[in-house]
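The opening position of the sequence shown corresponds to residue 1 in UniProt numbering, with each subsequent residue numbered one higher. Input: a single structure, listed below in structure tokens.
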Amino acid sequence: MQKRLALVEEEIVRLRRELATLGVDQRLPGLYLTVEVAGTTALLPVEAVMEVVRLVAIEPLPAALPHVRGTMLYRGTPAVVVDLAAMLGVRREPDLDAHLVICGGARMVAVLVDRVRDLVESPVLVEGSVSGESTHAWDGTGLMAGLCRTPEGIRPLLRASAILAVPEGA
């Protein structure tokens with residue numbers, strides 16, 4: 001487990017260096033989905049997203065990791081449901097109007113968020129935040145790749161690969 005954690009931390013450092021080489025105030029190409037989770041917002045690259053659906057029945061998985069809510073069927077295919085709020089350390093029952101962001105990959109994953117707000121095109125990569133705030137709710141989760149300025153303010157950019165990396169039997 002510690003070996004895997006060290007690899008993740010190394011990847012975070014590498015990814016932040018790559019983002020830094022783009023330079024401050026550089027636009028990131030592509031579209032990003034704005035998701036709201038536990039009172040905070042973040043950006044998720046659209047390239048990882050297949051569809052956004054309303055919350056459906058989730059079948060619990062015994063002995064699953066704390067952030068794995070269970071499984072659900074998406075168009076006849078089983079998907080593991082990952083709760084972003086739990087990854088932030090927030091325990092709560094999602095509202096009935098919560099969303100599942102369906103993402104493909106090695107395994108189908110449904111990311112549970114409180115809601116999907118909007119799409120942002122080519123957000124601007126920034127260093128730190130405008131308010132001088134140095135820590136964010138996403139710090140320490142291993143999910144944040146950097147910070148972006150959007151018309152609505154500074155938002156963390158999430159690493160889709162870290163969210164979608166659900167171990168077999170989780």
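From the three backbone atoms N, C-alpha and C, an ideal C-beta is built for every residue, glycine too.
What residue range is occupied by the uninterrupted alpha helix (DSSP H) comprising residue i?
i	result
Leu84	Leu84 to Met87
Ala38	Note, Ala38: premise wrong, no alpha helix (DSSP H); not H, not E.
Ile163	Ala160 to Leu164
Would you identify the three-state DSSP class for residue i, choosing helix, strand or coil?
i	result
Val46	helix
Gly132	Note that Gly132 scores 45 on pLDDT, short of 50, meaning its location in the model is unreliable; the coordinates nonetheless yield the value given after this. Three-state DSSP puts Gly132 in coil, outside helix and strand.
Glu121	strand
Leu143	coil
Glu152	coil
Arg92	coil
Out of curiosity, what's the CA-to-CA distance linking residue i and residue j?
i	j	result
Arg4	Arg75	32 Å
Pro123	Gly153	10 Å
Cys148	Leu73	33 Å
Tyr69	Pro60	Here the sequence assigns Arg to residue 69, which means Tyr is not the residue at that position. Those two C-alpha atoms are separated by around 6 Å.
Gly105	Leu164	8 Å
Val116	Val37	9 Å
Pro151	Val166	32 Å
Between residue i and chain C, is the shortest Cβ-Cβ distance under 8 Å, so that the two count as touching?
i	result
Val113	Absent from the structure: chain C. Only one protein chain is present.
So if DSSP puts residue i in a beta bridge, which residue, or which two residues, is it bridged to?
i	result
Ile102	Glu51 and Ala110
Arg115	Glu36
Starting from residue i, trace the beta strand (DSSP E) in both directions and tell me its first and last residue.
i	result
Arg69	Val68 to Tyr74
* To do: State whether the region 74-93 contacts the region 105-122, with contact taken as three or more CB pairs (one from each stretch) at a distance under 8 Å.
  => yes
* Can you find at least 3 beta carbon pairs, one from the region 45-57 and one from the region 93-108, that sit closer than 8 Å? -> yes
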